[in-house]
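K.L.:
Numbering (the numbering used here), first residue to last: 895 to 1277.
#1: Roughly how many angstroms separate the alpha carbons of residue 999 and residue 1010, rounded to a whole number?
#2: How is the alpha helix (DSSP H) around residue 1109 delimited, first residue to last?
#3: Could you tell me whether the Cβ atoms of residue 1100 and residue 1143 are closer together than 7 Å?
#4: Roughly how many angstroms separate the alpha carbons of residue 1096 and residue 1239, rounded to a whole number?
#5: Would residue 935 pass as a contact of residue 988 if the rule is Cβ separation under 7 Å?
#6: Alpha carbon to alpha carbon, what distance is there between residue 1200 and residue 971?
#7: If distances are taken between C-alpha atoms only, which option among 1120, 1119, 1124 and 1132 comes closest to residue 1106?
#8: Could you tell me whether the region 1007-1026 touches the region 973-992, where touching means 3 or more Cβ pairs closer than 8 Å?
#9: CB-CB under 7 Å to residue 1149, same chain, minus the five flanking residues each way: which ones, in chain order?
#10: Starting from residue 982, follow the beta strand (DSSP E) in both directions and report where the run begins and ends.
#11: Helix, strand or coil: which one does DSSP assign to residue 1215?
#12: So what does DSSP say about residue 1226, is it helix, strand or coil?
#13: Can you tell me which of 1157, 994, 1013 and 1189 puts its alpha carbon nearest to the alpha carbon of residue 932?
#14: Run through DSSP, which three-state label would residue 1183 get?
#15: Of all the options 1247, 1152 and 1114, which has the alpha carbon lying nearest to the alpha carbon of residue 1211?
#16: Could you tell me if residue 1039 is buried or exposed, where buried requires 16 or more neighbouring beta carbons within 10 angstroms of its beta carbon?
#17: For residue 1087 versus residue 969, is the C-beta spacing smaller than 7 Å?
#18: On the DSSP letters alone, give me the boundaries of the alpha helix (DSSP H) that residue 933 sits inside.
#19: What is the DSSP secondary structure of residue 1005, counted as helix, strand or coil?
#20: Tell me the DSSP secondary structure of residue 1123 in three-state form.
#21: When DSSP labels each residue in this structure, what does residue 907 get in the three-state scheme?
#22: Please go through the same chain and pick out, in chain order, the residues whose beta-carbon is closer than 6 Å to the beta-carbon of residue 1181, but skip the five residues on each side of it.
#23: How about the region 1187-1194 and the region 1108-1123: do they share at least three Cβ pairs that are nearer than 8 Å?
#24: Can you list, in chain order, the residues of its chain with a C-beta nearer than 8 Å to that of residue 1156? Leave out the 5 residues immediately preceding and following it.
#25: Report the residue from 959, 1137, 966 and 1034 whose alpha carbon sits nearest the alpha carbon of residue 915.
#26: Is DSSP giving residue 1188 helix, strand or coil here?
#27: Tell me whether residue 1129 sits in a helix, a strand or coil according to DSSP, three-state version.
#28: Provide the residue span of the alpha helix (DSSP H) that contains residue 1084, from first to last.
#29: For residue 1250, tell me which candidate among 956, 1085, 964 and 1163 has the shortest Cα-Cα distance.
#30: Please state whether DSSP places residue 1251 in a helix, a strand or coil.
#31: Would you list the residues sitting across from residue 1157 in a DSSP beta bridge?
#32: Apart from the five residues just before and just after residue 1172, which ones in its own chain have a Cβ nearer than 7 Å to its Cβ?
#33: Check for me: the alpha helix (DSSP H) holding residue 914 runs from which residue to which?
#34: Please name the residue or residues paired with residue 1204 in a DSSP beta bridge.
#35: Which residues does DSSP list as the beta-bridge partners of residue 1151?
#36: Output the distance between the C-alpha atoms of residue 1165 and residue 1247, rounded to the nearest integer angstrom.
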């Protein structure tokens, strides 16, 4: 329906077992997505305990499971929304085989209501209400739900798709918000969750062995980029950047895995300014505060170079609005293409905007000789 209505060129699907990975560590091609529709049925979290003991211990274990799941899901959804792309959330009614078999309808309804209430407080997420008309035998498929975890008939899915297409089309134009707004409304629970991810960011000079990573990031990073994606960038331009000694590679890992090279920045010095000419981060690491860690390291480098200002050279492109919003939240606008962050205010502003500014250290940005490069600047969680 989204394709036929021309709302989207293509529609991809992530199965239930891949939802967490998609929200926390998406594939690199998600840079090009328009937005994400998240469908969730709370009772599916209880599939493994659909036959609880007849006493109260069964309901107690289900309640504990749902408490944990709701908390983690809201945090994961917030990180997904923090990447700056629209998110629509629809809680499907828990009236299927699992609840019926385990007598868990009331408990699932309670936690569905709790989940919806918490998601409504997440900026950038549009919460949709389940259409009342979607119920009954023409929609529900108990047998497929039990055997294949497919709760609806084809007619039900068709009606649901039509509803979602209309809702997405209606809200898409007004759904854009800034990452800073999301951070401003973040909960202490999310801050603890981010700290638990144990994000590590390493910034080091890009060498010949990093050429492939630099080339890929510069050509494909579109939304969080000072200049936008550069698909037509020549091999010679990439080689020149690396040879300049001013090209740095940002690598990221966390407790979920090693994301590898995830960003590129190019800088220079002029008078007392540290000029950031290029800064591109893959969308796969946004939402984990990597962008703040990078600016923190740049502020430290500026201090060591006796530079009083960080100057970000911004060039508007078709899809780099998230970068502009980020710059507006931290830096002062001098011109349409020049955003300035005073070095002595960097820590204060990062602390005011980041969800958990204590989840990383600023690292040590050390210069090598006179070339002005950062060597093994590692920004790690403070435990």
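We put the beta carbon where it would ideally sit given N, CA and C, even for glycine.
Here the structure is a predicted model, which means the values were calculated and not measured.
P.N.:
Quick look at the numbers:
#1: Cα to Cα, residue 999 sits roughly 16 Å from residue 1010.
#2: 1105-1114
#3: yes
#4: 23 Å
#5: Residue 988 sits close to residue 935, with the two beta carbons spaced by under 7 Å.
#6: 41 Å
#7: 1132
#8: yes
#9: 1091 and 1092
#10: 981-986
#11: helix
#12: strand
#13: Ranked by how close their Cα comes to the Cα of residue 932, the residues 1157, 994, 1013 and 1189 have 1013 in first place.
#14: Correct three-state label for residue 1183: coil.
#15: 1114
#16: buried
#17: yes
#18: Where residue 933 is concerned, there is no enclosing alpha helix (DSSP H), although the beta strand (DSSP E) around it starts and stops at 930-935.
#19: helix
#20: coil
#21: coil
#22: 973, 976 and 977
#23: no
#24: Around residue 1156: 1111, 1144, 1145, 1146, 1175, 1176, 1178, 1179 and 1184.
#25: 966
#26: helix
#27: Collapsing the DSSP output to three states places residue 1129 in a helix.
#28: 1082-1090
#29: 1085
#30: Residue state, collapsed to three classes: helix.
#31: 1144 and 1175
#32: 1120, 1121, 1158, 1159 and 1160
#33: 913-918
#34: Under DSSP, residue 1204 shares a beta bridge with 1168 and 1235.
#35: In DSSP, residue 1151 forms a bridge with 1148.
#36: 29 Å
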